[in-house]
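Okay, so here's the structure we're looking at.
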Amino acid sequence: MEGIDLFALTTLDDFNCLKEKLSAKFVIIRGGRSVGLVDSNLIKNIKNARGAGFEDVDIYIFPCVKPKLIKNKNVTCGNASETITSVLNELNCNNVKIGRVWLDIEGEPGENNKNQTYYWYEDKEKNIEFIDGMITTLNKNNQLFGIYASKYFWTKITGNEQKYSSSTKNIPLWYAHYDGINNFNDFYSKYSFGGWNKPFMKQYSDENSEKQKICNLSVDYNWRPF
1 MEGIDLFALT
11 TLDDFNCLKE
21 KLSAKFVIIR
31 GGRSVGLVDS
41 NLIKNIKNAR
51 GAGFEDVDIY
61 IFPCVKPKLI
71 KNKNVTCGNA
81 SETITSVLNE
91 LNCNNVKIGR
101 VWLDIEGEPG
111 ENNKNQTYYW
121 YEDKEKNIEF
131 IDGMITTLNK
141 NNQLFGIYAS
151 KYFWTKITGN
161 EQKYSSSTKN
171 IPLWYAHYDG
181 INNFNDFYSK
191 YSFGGWNKPF
201 MKQYSDENSE
211 KQKICNLSVD
221 YNWRPF
């Protein structure tokens, strides 16, 4: 089953193009930005996707893990619980329903300096603690969720943590590997990580794909077996 994920404001006509010309059956929309803000396009994009006939709509949250020096009541940086509740509250206030929240675990870890800002800590335990905090909040809100990651970033950020794939947690994995192939053969042969035996979904092509020319939209392409 083919699907797309996106963050830019996408019109009803755009969603219709994705559905009709690319046979997209599901869509995943950015809900939380890496700067610690709820995405201003979130509600409009969900409503436009629904208007085009998409019934399978998820969102993803790119967390702002490190606290900001300048405080802003709308910025959730450094607070795992608020990272989740700010987005869920936005959905609830607009009476908008979604399927699953995907936690976007990507970006280089490191200590910030004048030349570069890093998304995650060098301390992998602190990163895992933040992920745990987001998961706890999602569970308290009875919200379905999963984890999005690549093998590279999952290893850099968590040290290839295995607990999220355990039988007790059994958290779905949406993995990124841009080989242009819409199946899981790469995962089973050489790309598995984090202890997951079976992924839920694959992001197999990014916004630089040739497919962009069809609807002229900046989206990523995904596949799942059902």
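Residue numbers (the UniProt record's numbering): 1 to 226.
All residues carry an ideal CB built from backbone N, CA and C; glycine is no exception.
Secondary structure note for A80: its alpha helix (DSSP H) is the uninterrupted segment A80 to C93.
In this structure, DSSP gives D186 a helical state, which the three-state scheme calls helix. When rounded, the separation of the alpha-carbon atoms in L138 and T155 is 23 angstroms.
According to the DSSP assignment, N222 belongs to the beta strand (DSSP E) that extends over D220 to W223. In the structure shown, A49 adopts helical secondary structure according to DSSP, grouped into three states.
Between I214 and L12, the CB-CB gap reaches or exceeds 8 angstroms. In the three-state reduction of the DSSP assignment, S165 falls in the helix class. When DSSP states are grouped into helix, strand and coil, L37 belongs to the coil group. Counted as a single uninterrupted DSSP element, the beta strand (DSSP E) harbouring Y204 occupies residues M201 to S205. I131 sits in a helix when the DSSP states are folded into three classes. With distances taken between CA atoms, F193 lies nearest to Q162 out of V38, A24, Q162 and R50.
Residue pairing by DSSP places I214 in no beta bridge whatsoever. Nearest to I43 by C-alpha distance, out of Y178, F54 and R30, is R30.
Inter-residue distance for Y204 and K68 is about 33 angstroms (C-alpha atoms, whole angstroms). About 12 angstroms separates the CB atoms of Y119 and E111; that is not less than 8 angstroms, and the two are not in contact. With respect to the 8 angstroms criterion, G36 and V75 are classified as neighbours on the basis of their beta carbons. Taking the C-beta atoms as reference points, V57 is found no nearer than 8 angstroms to V87.
Within the DSSP bridge table, the entry for A176 names Q203 as partners. If you draw a 10 Å sphere on the C-beta of I181, you find fewer than 16 other C-beta atoms in it, and that means exposed. Here I4 is not near G32, since their CB atoms are 8 angstroms or more apart.
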